[in-house]
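Comments concern the structure below.
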Amino acid sequence: AGKGFAVVASEVKNLATQTARATEEIQVQIDAMTGATGRTVDAIRSISGTIGKVGALTTAVASAVEEQVAATAEIARNTQQASSGTSDVLQSITGIADAAGHTGQAAEEMNAASGALAERTRELRRVVDAYVAEIARV
Numbered sequence: 073a074g075k076g077f078a079v080v081a082s083e084v085k086n087l088a089t090q091t092a093r094a095t096e097e098i099q100v101q102i103d104a105m106t107g108a109t110g111r112t113v114d115a116i117r118s119i120s121g122t123i124g125k126v127g128a129l130t131t132a133v134a135s136a137v138e139e140q141v142a143a144t145a146e147i148a149r150n151t152q153q154a155s156s157g158t159s160d161v162l163q164s165i166t167g168i169a170d171a172a173g174h175t176g177q178a179a180e181e182m183n184a185a186s187g188a189l190a191e192r193t194r195e196l197r198r199v200v201d202a203y204v205a206e207i208a209r210v
């Protein structure tokens, strides 16, 4: 009976050692996953901050475009009022009108670019939201 107990005690000791090793390995894996999750959260926060900055810049660009359009409209009105002057004044007004047209075109292009930027920002937000949702499911 003494030998049987010694064999069982030896097996219990071996199992305890294996359990301790397995527990250590599990803890290492948990620590690695915790670190990776923390880095992912930091990256998502950084992306969200960048999206916020892009949104603010888009708003500023759109506001500047609106101001430029208003200024262009004012220039066009002033140009029409001044067109009743002499031929020299008429030539000057024609030059101003051309400049106003170019400014308006540039404003429209800037407005289109800000629209495209806003769409990209929305798409990036969708991608980030999907990524965050995927991380949350894991």
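This note's numbering numbers the first residue of the sequence shown as 73 and each following residue consecutively. Virtual Cβ for every residue (Gly too), placed ideally from N, Cα, C.
In the three-state DSSP reduction, valine 84 falls in the helix class (H, G or I). Inclusion of threonine 193 and threonine 130 in the CB contact set at 8 Å is warranted, their separation being smaller than that value. The Cβ neighbour count for threonine 144, taken over all protein chains shown within 10 Å, is at least 16; the residue is labelled buried. For valine 133, the three-state secondary structure derived from DSSP is helix.
Taking a C-beta distance under 8 Å as the contact criterion, valine 137 and methionine 182 qualify as a contact pair.
The beta carbons of isoleucine 116 and leucine 196 sit no closer together than 8 Å.
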